[in-house]
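These protein sequence lines are chains A and B, in that order.
The first sequence lines up with residues 79 to 334 when you count with the working numbering.
The second sequence lines up with residues -9 to 198 when you count with the working numbering.
Beta carbons: idealized from backbone N, C-alpha and C, even for Gly.
Input: a single structure, listed below in structure tokens.
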Amino acid sequence: MSLTAIEFNNVSKKYSQSGDYVVDHVSLSIYEGEFVTILGSSGSGKTTLLKMINRLYEPNEGTIKLFGEDITTVDPVKVRRRIGYVIQQVGLFPHMTIAQNVAIVPKLLKWNKSKISTRVDELLSLVGLEPQEFRNRYPSQLSGGQQQRIGLARALATDPKIMLLDEPFGAIDAINRLNLQDELLRIHGGLKKTFLFVTHDINEAFKLGTRVMIMNKGRICQFDTPSHIVKNPADDFVSSLIYSSREQERFWEGLD
Amino acid sequence: MIEYAIRHSEKWVKALLEHLEMLVATMIISVILAAILTMAAMSSKIISKMLVHVFSVIYSIPSLALFAIMIPVTGLGKGTAIIVLIIYNQYLLLRNFITGLNEIDPSIVEAATGIGMSNIQVLFQVRLPLSIKTLFTGIRLAVVSTIGMATIAAFINAGGLGSILFDGLRTMNVHKILWGSLLSAGLAIGANALLLQIEKKIYKFKLD
Ligand SMILES: Nc1ncnc2c1ncn2[C@@H]1O[C@H](COP(=O)(O)OP(=O)(O)OP(=O)(O)O)[C@@H](O)[C@H]1O
Ligand SMILES: [Mg+2]
């Protein structure tokens, strides 16, 4: 039995006193080594769920534990430095070069210069960007998809055990996306690392996820392996999601 | 007129130097004080609002009145003038410093926080470099305003270009009035133009 990497116990979040729950009494366990993908309609609370794990938001109710440790008992800065985070809006630092952006966490952790510079080149190659060409550019000199890849490289810099990825490939073309997916699976590597990956692409979710979490209106409709979900959709929302994907397949077959 | 300037060059050079001395002393202390107050303001919204409010009220007091009020407390002279000028500057500086640090794209601040920067690191490594232009604008406005108000400080024997102007007014000497006004206006306009040039060079990080 693997360790429980992330545990939610009856966690709720709302942004205003009067408003609805954005995350509605969620309990879940994610084990070390899992690659969990999160699917759900826009506004279903996926980003909010992720941000509670690295304490950008505090839940109104419930507790979150990382490897058995209640995160409210740990300094949030320490929690965050142990977690890789790819923010949905990318959020590169416009006044720093690409190399400086990628190097930011190693620098915070006071790695030595040569180690940082080797790591930066390694990461740029990893996300498919030629180090020589991109190292000294500024984020504004990159395309949206290239910026996203730098966001991923920045989060991977210290090879963290837990990664939170909020639509990291949203702006990336289909071919590069396939490469990055494979790269990410390789980095995940099976046993020791725990990934939470939000996406709107159902194919991506089912391809990457060892388990897929499907969210709707702040609740988890189903959290299971891809094949179980396809065989036994838990409710209408999940069925309609699968149905919509099947429809697309049919559309492609029709074109053949 | 030129003749007058040459004949009395010693006098106006001295006044100009006094003026610059007041300006430099005022600006150094003003910026340090404003930086400290801004740090306090960044820690809490309430403190931020309070500080800006208090200094905006003070800023609305006519400078002549504030100089006069301070005489019983700190006496006549340059020291009092510099204190008053520093207090005036706080509004211009604080307003720009606080706005500058807060107008940064929230997703950038969130990314910085999310990857594990402490609040201080976010302030110095992200907020400060990204708001440098707005901060500099505040300093420019304060410089121009200080040059102008320091002229009035001649009323409380602080010296500077204002003393030529007021001398002229007292003795109805047109040359003095003209030179006093020209020099202080020229200094303000010149300083503004120079600082604007620097300001334009600073900003190259805007994401479009
Ligand atoms: N800071 C905030 N203040 C107030 N409301 C918020 C805030 N952040 C999110 N919300 C609201 O909470 C709900 C859930 O938002 P969240 O960002 O978690 O959705 P999401 O599932 O990530 O959506 P998307 O797929 O569009 O990114 C939305 O209705 C959103 O409007
Ligand atoms: Mg989201």
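What residue range is occupied by the uninterrupted alpha helix (DSSP H) comprising B/M29? Residue numbering aside, residue 29 of chain B sits at position 39 when the second sequence is read from its first letter. Here the alpha helix (DSSP H) through B/M29 covers -1 to 33.
Per DSSP, the bridge partner or partners of A/V101: Taking the first sequence and counting its residues from 1, one reaches residue 101 of chain A at position 23. DSSP output for A/V101 lists A/K91 as bridge partner(s).
Residues near A/L201 in its chain [Cβ-Cβ closer than 7 Å; skip 5 each side]: Residue 201 of chain A sits at position 123 when you count from the first residue of the first sequence. Cβ within range, chain order: V180, A231, L234, A235.
Can you tell me whether DSSP reads A/N294 as helix, strand or coil? Taking the first sequence and counting its residues from 1, the one referred to as residue 294 of chain A is at position 216. Strand at A/N294.
Within the 8 Å Cβ cut-off, does A/A177 reach chain B? Numbered from 1 along the first sequence, position 99 holds the residue referred to as residue 177 of chain A. Not flagged as an interface residue toward chain B: A/A177, since no C-beta distance is shorter than 8 Å.
Are A/K271 and A/M291 close, meaning C-beta to C-beta below 8 Å? For the purposes of this step, residue 271 of chain A is identified with residue 193 of the first sequence, where counting begins at 1. For the purposes of this step, residue 291 of chain A is identified with residue 213 of the first sequence, where counting begins at 1. Remark: C-beta atoms of A/K271 and A/M291 do not approach each other more closely than 8 Å.
A/I116 and A/L258 - do their beta-carbons sit closer together than 8 Å? Residue numbering aside, residue 258 of chain A sits at position 180 when the first sequence is read from its first letter. Residue numbering aside, residue 116 of chain A sits at position 38 when the first sequence is read from its first letter. Not closer than 8 Å, so no.
For the segment 128 to 144 of chain A against the segment 81 to 97 of chain A, are there 3 or more C-beta pairs whose distance is under 8 Å? yes
Distance between beta carbons of A/V155 and B/S272, contact taken as under 8 Å: As shown, chain B starts at -9 and ends at 198. That puts residue 272 of chain B outside it, with no answer to give.
Alpha-carbon to alpha-carbon, B/F156 and B/F145: Walking along the second sequence from the start, residue 145 of chain B turns up at place 155. Walking along the second sequence from the start, residue 156 of chain B turns up at place 166. C-alpha separation (whole angstroms): 8 Å.
Just checking, does the segment 321 to 334 of chain A make contact with the segment 95 to 105 of chain B on the three C-beta pairs under 8 Å criterion? In this structure the segment 321 to 334 of chain A does not touch the segment 95 to 105 of chain B; the number of beta carbon pairs closer than 8 Å is below three.
State the DSSP-derived secondary structure class of A/R160, mapped to helix, strand or coil. As a first step, residue 160 of chain A is located in the first sequence; it is residue number 82 there, counting from the start. Coil, per DSSP.
Buried/exposed call for B/A143, threshold 16 Cβ in 10 Å: For the purposes of this step, residue 143 of chain B is taken as the residue at position 153 of the second sequence. With 16 or more Cβ atoms within 10 Å of its Cβ, B/A143 is classed as buried.
At 7 Å on the CB atoms, spell out the chain A contacts of B/M107, in chain order. Start at 1 with the first residue of the second sequence, and residue 107 of chain B comes out as number 117. Ordered by position in chain A, the residues that pass the 7 Å Cβ test against B/M107 are L186.
So A/F86 and A/G123 are supposed to be a Cβ contact under 8 Å. How far apart are they, rounded? One-based indexing of the first sequence puts residue 86 of chain A at position 8. One-based indexing of the first sequence puts residue 123 of chain A at position 45. At roughly 12 Å, the Cβ-Cβ gap does not stay under 8 Å, so A/F86 and A/G123 are not in contact.
Hey, B/S218 and B/A132 are a contact pair by Cβ (cut 8 Å); roughly how many whole angstroms apart? Outside the displayed span of chain B (-9 to 198) sits residue 218 of chain B, for which this structure offers no information.
Any chance the segment 94 to 101 of chain A sits against the segment 143 to 163 of chain A, with 3 or more Cβ pairs inside 8 Å? no
Would you tell me roughly how many angstroms separate the C-alpha atoms of A/L128 and A/H173, rounded to the nearest one? Counting from one through the first sequence, the residue named residue 128 of chain A turns up at place 50. Counting from one through the first sequence, the residue named residue 173 of chain A turns up at place 95. One C-alpha to the other measures close to 27 Å.
Against chain A, does B/T103 count as a neighbour if the rule is that its beta carbon must be under 8 Å from one of theirs? By 1-based counting over the second sequence, the position of residue 103 of chain B is 113. So, interface residue.
Give me every residue whose Cβ sits closer than 7 Å to any heavy atom of ligand 2, in chain order. A/K124, A/T125, A/Q166, A/D244, A/E245, A/V276
Do you know offhand how far A/P184's Cα is from A/D279's? Translated into the one-based positions of the first sequence, residue 184 of chain A becomes position 106. Translated into the one-based positions of the first sequence, residue 279 of chain A becomes position 201. Those two C-alpha atoms are separated by around 32 Å.
Do you know offhand how far A/G121's Cα is from B/Y78's? In the first sequence, counting from the first residue as 1, residue 121 of chain A sits at position 43. In the second sequence, counting from the first residue as 1, residue 78 of chain B sits at position 88. Going from the Cα of A/G121 to the Cα of B/Y78 covers about 47 Å.
Grab me the residues of B/V164's own chain with a C-beta within less than 8 Å of its C-beta, minus the 5 sequence neighbours each way, in chain order. Taking the first residue of the second sequence as 1, we reach residue 164 of chain B at position 174. Excluding positions up to five away in sequence, the list reads G158.
When you measure from the CB of A/G248 to every non-hydrogen atom of ligand 1, does any distance come out below 7 Å? Translated into positions along the first sequence, residue 248 of chain A becomes position 170. No, ligand 1 has no heavy atom inside 7 Å of this Cβ.
What are the start and end residues of the beta strand (DSSP E) that includes A/K143? Locating residue 143 of chain A in the first sequence gives position 65, counting from the first residue. Segment 139 to 144, the beta strand (DSSP E) holding A/K143.
Taking only the alpha-carbon atoms, compute the straight-line gap between A/L256 and B/P96 and give it to the nearest angstrom. Numbered from its first residue, the first sequence carries residue 256 of chain A at position 178. Numbered from its first residue, the second sequence carries residue 96 of chain B at position 106. Their Cα atoms are separated by approximately 30 Å.
At a CB-CB cut-off below 8 Å, which residues of chain B make contact with A/V155? Within the first sequence, residue 155 of chain A is the residue found at index 77, counting from 1. Within 8 Å Cβ-Cβ: G106, M107, S108.
Give the C-beta separation of A/G248 and A/Q226 to the nearest angstrom, bearing in mind that I take them to be a contact with Cβ-Cβ under 8 Å. For the purposes of this step, residue 248 of chain A is taken as the residue at position 170 of the first sequence. For the purposes of this step, residue 226 of chain A is taken as the residue at position 148 of the first sequence. Taking 8 Å as the upper bound for CB-CB distance, A/G248 and A/Q226 are in contact here, some 7 Å apart.
In the DSSP assignment, what residue or residues form a beta bridge with A/M241? Against the first sequence, residue 241 of chain A aligns to sequence position 163. The beta-bridge partner set that DSSP reports for A/M241 consists of A/G162, A/F273.
Environment of B/L7 [buried if 16+ CB atoms lie within 10 Å]: In the second sequence, residue 7 of chain B corresponds to position 17, counting from 1. When all chains shown are included, B/L7 counts as exposed.
Grouping DSSP H, G and I as helix and E and B as strand, with all else coil, what is B/G176? For the purposes of this step, residue 176 of chain B is taken as residue 186 along the second sequence, with counting starting at 1. Reduced to three states, the DSSP call for B/G176 is helix.
Could you give the distance in angstroms between the alpha-carbon of B/K68 and the alpha-carbon of A/T151? As a first step, residue 68 of chain B must be located in the second sequence, where it is residue number 78. As a first step, residue 151 of chain A must be located in the first sequence, where it is residue number 73. Between B/K68 and A/T151, the C-alpha separation is close to 55 Å.
For B/L151 and B/H9, believed in contact at Cβ under 8 Å, the rounded distance: The residue labelled residue 9 of chain B in the question sits at position 19 within the second sequence. The residue labelled residue 151 of chain B in the question sits at position 161 within the second sequence. Between the beta-carbon of B/H9 and that of B/L151 there is about 5 Å, and that keeps the pair under the 8 Å contact cut.
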